[in-house]
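The structure under discussion appears below in the form of structure tokens.
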Amino acid sequence: MSETNPAAAAEVAAPHRYTAALAADIEARWQDFWDADGTYAAPNPKGDLAGDPELAAKPKKFIMDMFPYPSGAGLHVGHPLGYIATDVFARFQRMTGHNVLHTLGFDAFGLPAEQYAVQTGTHPRVSTEANIENMKIQLRRLGLGHDKRRSFATIDPDYYKWTQWIFLQIFNSWYDDEARTARPVSELVAQFESGERALPGGRSWNELSAAERADVLGEYRLAYASDAPVNWCPGLGTVLANEEVTADGRSERGNFPVFKAKLRQWNMRITAYADRLLDDLDALDWPEAIKLQQRNWIGRSEGARVDFPIDGERITVFTTRPDTLFGATYMVLAPEHPLVEKFTPAAWPEGTHDVWTGGHATPAQAVTAYRAQAASKSDVERQAEAKDKTGVFIGAYATNPVNGERIPVFIADYVLMGYGTGAIMAVPAGDQRDFEFARAFELPIHCIVEPTDGRGTDTSTWEDAFSSYDAKIINSSGESVSLDGLGVAEAKTRITEWLERTGIGEGTVNFRLRDWLFSRQRYWGEPFPIVYDEEGIAHALPESMLPLELPEVEDYSPRTFDPDDADTQPETPLSRNEEWVDVTLDLGDGRGPRRYRRETNTMPNWAGSCWYELRYLDPHNGRQLVDPEIERYWMGPREGQPHGGVDLYVGGAEHAVLHLLYARFWSKVLYDLGHVSSVEPFHKLFNQGMIQAYVYRDSRGIAVAAAEVEERDGAYYYQGEKVSRLLGKMGKSLKNAVTPDEICAEYGADTLRLYEMAMGPLDVSRPWDTRAVVGQFRLLQRLWRNVVDEATGDVTVVDAEPDEDTLRALHKAIDGVRGDLEGMRFNTAIAKVTELNNHLTKASGAVPRSIAEPLVLLVAPLAPHIAEELWRKLGHEGSVVHQDFPVADPAYVVDETVTCVVQVKGKVKARLEVSPAISGEELEKVALTDEKVVAALDGAGIRKVIVRAPKLVNIVPV
RNA sequence: GCCGGGUUGGCGGAAUGGCAGACGCUGAUGUCUCAAACACAUCUGUCCGAAAGGACGUGCGGGUUCGAAUCCCGCACCCGGCACCA
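If you want my numbering, it's the 1-based position in the first sequence plus 290.
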């Protein structure tokens, strides 16, 4: 024995104590065992992953995490929170009779992986694959029960072959609004050929050129290229989806300015699915907050389209308040509205108001100047100036169809081209924005809703617009329709009927959702399986040419620009490889080998995550993206899940509208085209909270190493200097990252798992506290000691009958833990296990086997390594993973006696030990004769006695 | 501005109409040890009290109820989302 090595001395005294070293040994052994044994292999009903028929016959559970980006920074303890939670849940499901599919892949395309690669100067594939390997090692140490046969990365050609294939399915589809389903474009062509569907302009399909046909089909395809204003981000060198742009007009990633630029880009016609994406939310088991965010994003508004005649033509507006049509005193078009030029006359009409012209000599000049001004403004500036309404008269008048009034037409940037029809009827009395504009441009304000707040009908005295759904319509009578005296709802109905009867308009539903910009000027993404012929017509590559692999290029980094320079144009890295771009191919369409140019944009990083749940099911299938029978087994609709989908999907709330909306859209298209049986990808969604960490900053505001900060008397010091403390994110840049590796080294993975689950409810964010981790370590140490002799390593459990108290403690724990695990309340489940274990620790004598065994099973989902080891020590062959979870005996779940509190006027005055079966009358009698109660009543008369047997009696004195 | 979520000991949290503070951390004291660490044991919401015991207490103000952390109304603060969406 060495006097100078106390740790060694302790080990000699208790060589079989549950220490970090022993935990490491146990964990490594069982992780190897699981890999070799294939413990977590979930059998498919057929195919290469078919297996154990007994397991396959059980009800299925598909439990999934949002898969990680393999960033170069590695994991900190915040990352695996959700993975541990799904793993605990999956293990519990395995022990309660389910065939559980649980695995994890890697989302490895996209900006972060690419930027890391650019920073480190290595090829994205090399650095990404290294990161994946590193992350796999980190994750393996946590003991996650993944079916590793099913893992993949989105960058694997075998995977993105099918991402490309799905893109082509979408490209080759159109949305049939009447049938409310996607259909192959070939069926649309057949309709055009037969004349069943009319072509715009009344032409016949046969007389169209190939280019014209392509243009017509482009109007229908669910994936289409178009010249449209997109979010161009010079700082990132790419365009971005609306969802990737923040409210203040900057890129979500990198926080660079974003400008509107007109560029030819690929889009997904997600708007065709707006109503279904909205309606189908109802049957999903998702947090209401997330559903609400999606509903707001889709933004359904009921209203009407109304045609306003102008110069023998018409401008269509969308309004949610057709009942206020009589109050429309002017019209506003978005500056970029395509009809603006058409109606802009050569000269200002006689007597044009000076404030309307913006000081310009002609309407054309005014329009051009205003458009230039609007385009140069970044969204940030627009935001800041939102209060000051700007605009200019285009020199033309339209007619209000309901009363024949001549109303001026303006352009103004408060009307957005992307919403509705890009044109509005302005009702300044009822709409605050219109009101402000009318005041600024001295336009008339007609009161058409009777104010209910006493302000009167003289609008010249008003300070703001008046709007109420409870008010009555006034001043709204015309020759053919009158709304006077009606409430808002009735007026809407009547005017909509009138609009439809006269053909002037129609009731309609409008959505805020826009089409999804689907191309990026990046290297590290899926190439589009699209080539262009000499006429510039896009052609799909045949399936036999998939996957279209990413070519090598000399410089894969994106061409970025001065972030503030809007006058730049994106340049795609793939366009730098002329040999790859310029190809001669036979597409198998009967045209023979021809020269084509490849599409050089790549898909956005969302593409790979839009369908990965399906590939987990049948990851090695070379002929189909997933076998239909296998898909139906794991994903198909069933009772309570009318749209099918993954049984549990856990991830951060930051994906509320991006990934989750896109994945739902792809799922619906695949369903419509008959490739899958599930309409929705994720039946139940759970958002885990964030693990936060304290950030310590010195007087300059610079973050200092959190691990080296000392606390004295409620203040914090770093190297003697006082520092401030704030709760923030965990990360390298804030110098407060704690890695799972550190915690595993100090306590073991089981302790880390327990601590993360015990910190609090899974859906709430909470601060990491390394000091507190030891609490869960002690739990495992006591658990170990309750079964194993620390000196000899022998099992100490005895075959004696447990006492009543212990039996009750066990069955109450079983009952509670079962419910808590089912409800994903892992923190309280651990508290109940701890209580039982503490009970055993405190009880004198060895633990009976009939208690120790179920205890180990209770622990197994939470701390699987130690559970395996104890299970083996208790004399069982094989793994604990597929054992049955204990079932509580109801006879022991209730206590033999319960404590009944007796209150007087709601204050506890006495406690009685009574039988749980005691009757109300009996209990009342006992309570009223209790001496403490008698003393508390002090002779006062009794007005009322409330009895809730057996737990409570409340006596109300007079 | 609109919408959603939250506020409980020194800290993380438990209790969703019936004993507020389960479980854990921290802290105090003790056992073990030459000593320390580990481990174990007892205590640890605040105030009054030597103690027994008592009073107060779940962001603030009101209400419903025999009884409210929990339900209702109003307010403050914090976090998240959306935002000129007609």
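Each residue gets a CB set at the ideal place from its N, CA and C atoms; glycine is no exception.
Here DSSP, grouped into helix, strand and coil, assigns M925 to helix. Annotation: R804 to A346 spans about 43 Å, alpha carbon to alpha carbon. Closest by C-alpha distance to R440, out of S516, W788 and A332, is A332. At the C-beta level, Y359 and G400 come within 8 Å of one another. Look at P883 here: in three-state DSSP terms it is strand.
Sorting I920, A995 and V843 by C-alpha distance to the C-alpha of H965 places I920 at the top.
At least 8 Å separates the beta-carbon of P819 from that of A828. Taking the C-beta atoms as reference points, I981 is found nearer than 8 Å to V367.
In this chain, W455 is not harboured by any beta strand (DSSP E); it is covered by the alpha helix (DSSP H) spanning P447 to F461. In this structure S967 is not in contact with P909, their Cβ atoms being roughly 19 Å apart against a cut-off of 8 Å. Looking at the DSSP output, E592 sits in a beta bridge with V799. Judged by their CB atoms, S591 and T606 are not nearer to each other than the 8 Å cut-off. In the DSSP assignment, the residues bridged to C523 are T528.
The closest CA to that of S666, considering only Q978, E626, L1213 and L1126, is found on E626. A501 carries a helical assignment under DSSP once its states are collapsed to helix, strand and coil. In the same chain as A340, and ignoring 5 residues on each side of it, the C-beta atoms closer than 8 Å to its own belong to P333, N334 and A346, in chain order. When the five nearest sequence neighbours on each side are left out, the beta carbons in the same chain lying within less than 7 Å of the beta carbon of R696 are those of Y687 and T689, in order along the chain. Counting only residues of its own chain and dropping the five nearest sequence neighbours on each side, S1055 has a CB closer than 7 Å to the CB of G979, M980 and Q982. Around the CB of S541, 16 or more other CB atoms lie within 10 Å, so the residue is classed as buried. Under the three-state reduction of DSSP output, Q409 falls in the helix class. Every beta strand (DSSP E) stretch that sits fully inside the stretch 843 to 910 and reaches 3 residues is listed by chain position as 872 to 876 and 883 to 888. The beta carbon of D988 sits closer than 7 Å to the beta carbons of V994, Y1008, E1011 and V1013 from its chain, once the five residues preceding and following it are set aside; these are given in chain order. Residue nearest to F442 within the set I785, G694 and L907 is L907 (criterion: CA-CA distance).
Note that the stretch 702 to 716 does not touch the stretch 737 to 744; fewer than 3 beta-carbon pairs, one per stretch, sit closer than 8 Å. H436 sits buried, since 16 or more C-beta atoms from the chains shown fall within 10 Å of its C-beta. Around W1161, the same chain offers V1146 and V1170 as residues with beta carbons nearer than 7 Å, after the five sequence neighbours per side are excluded.
Under the three-pair Cβ rule at 8 Å, the stretch 360 to 380 counts as touching the stretch 1040 to 1057. Between K1025 and A996, the gap from beta carbon to beta carbon is short of 8 Å. Pairwise C-beta distances place the stretch 861 to 869 in contact with the stretch 835 to 846, as three or more of them are shorter than 8 Å. The Cβ atoms of I588 and L567 sit closer than 8 Å to each other. Apart from sequence neighbours up to five positions away, the residues of its chain that approach Q428 with a beta-carbon distance below 7 Å are G364, L365, P1030 and D1031, ordered along the chain. With a 10 Å radius around the Cβ and a threshold of 16 neighbouring Cβ atoms, G395 comes out buried. Judged by their CB atoms, H1155 and D1040 are nearer to each other than the 8 Å cut-off. For the pair R784 and G797, the Cα-to-Cα distance works out to about 11 Å. Inclusion of P524 and D852 in the CB contact set at 8 Å is warranted, their separation being smaller than that value.
CA-CA distance, N557 to Y514, rounds to 5 Å.
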